[in-house]
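Each number in the numbering used here corresponds to the 1-based position in the sequence shown with 85 added. C-beta atoms are modelled at their ideal positions from N, C-alpha and C, and glycine is treated no differently. Notes follow the structure.
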Amino acid sequence: MKLSRGQKTVRNLALCALLGALVYTMLGFPPYTVRGMLDRVERLYLLSDLEPVLVVRDSWRYSNNFLPHHVTHLIARTGDTYVSTEFTRHGLEVRPEYRRNLAMSRDALCLGLNGTLYVAGDFAGAASASLEVTAQRTTRTYDPETEEYELTLGERKTFTYSGEKDGDALFTFDYREDGPDNWGAWGPYTGLEAAAHNWYSVYPKGASDGVRGVLHGDLPVKVTLYDEAGGVLDTLELSIDNYELHSYP
């Protein structure tokens with residue numbers, strides 16, 4: 086039977102829809118929306134009713150890749166439980182936790198992202214907030230002969246920042262320095278971002294000066310909440326991985 090032009094169009098659209106469904110199934114039903122991403126987190130970590138607190142979208146590209154990697158950074162909450170995670174889309178593929186593992190916390194949670202520290206919690210009654218992050222020179226030396234590590238601790242420095250309130254569940258703190266010789270992971274030891282990179286080191290014993298790895302370290306974070314009159318409402322004791330403070334998204 087000869088099909089009319091309209092029937093051919095309907096047939097082709099149906100075939101395209103079927104092909105799209107097959108590709109989507111072969112890719113493992115990747116989530117392309119924030120709601121889909123949060124549904125995936127709920128299934129993986131046995132949570133329910135997650136609501137977004139923060140959504141930050143970014144992208145990056147390897148020099149040998151034609152397609153960029155699109156990244157969605159999320160903070161979400163359900164009740165008094167908070168999670169932060171990220172999803173990376175490259176073409177049609179979506180990978181959860183591609184470069185950053187999911188973090189989960191009760192009552193409050195902090196996330197470092199491209200020069201900004203985000204602190205999520207129940208802040209409906211707070212008018213303002215301040216934040217202190219303490220860095221300490223930490224060197225870990227590995228002896229391949231004994232297969233043992235030696236940890237050496239040095240000076241400490243506390244960095245203080247004022248926050249901007251963004252709704253009833255989020256404060257943001259900008260910690261990146263403006264001067265081109267000061268900010269960033271490779272600047273002098275004047276800012277938090279530089280300290281998070283340069284103060285945490287791992288070396289093999291007897292290695293030359295150029296052989297250095299960046300050691301993972303948890304930095305203590307103290308958040309103080311204030312009311313309208315400037316009185317202290319509460320103090321939160323949190324922590325953050327130094328990689329979050331100097332890595333780009």
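So residue 191 and residue 207 are in contact, right, with Cβ under 8 Å, and what is the actual spacing, rounded?
Residue 191 to residue 207, Cβ: 11 Å. No contact.
Counting pairs of Cβ atoms below 8 Å between the segment 296-305 and the segment 279-287, do you hit three or more?
Because the criterion of three Cβ pairs below 8 Å is met, the segment 296-305 and the segment 279-287 touch.
Starting from the Cα of residue 335, find the closest Cα among 131, 150, 133 and 154 and give me that residue.
Beyond the ends of the chain as shown, which are 86 and 334, falls residue 335; an answer cannot be given.
At which residues does the alpha helix (DSSP H) containing residue 50 begin and terminate?
Residue 50 lies beyond the range of the chain shown here (86 to 334); nothing can be said about it.
What does the alpha-carbon distance come out to for the pair residue 169 and residue 183?
Looking at the two C-alpha atoms, the distance is approximately 13 Å.
Which stretch, first to last residue, makes up the alpha helix (DSSP H) that contains residue 131?
Counting along the chain, residue 131 falls outside any alpha helix (DSSP H), and DSSP gives it neither H nor E.
Among 236, 255, 221 and 226, whose alpha-carbon lies nearest the alpha-carbon of residue 243?
That would be 221, whose Cα lies nearest to the Cα of residue 243.
Would you list the one or two residues that DSSP bridges to residue 172?
Note: residue 172 sits in a beta bridge opposite 157 and 181.
Assuming residue 328 is part of the alpha helix (DSSP H), what are its boundary residues?
Here the alpha helix (DSSP H) through residue 328 covers 327-331.
With the cut-off set at 7 Å, would you say residue 281 and residue 327 are in Cβ contact?
Yes, Cβ-Cβ distance for residue 281 and residue 327 is below 7 Å.
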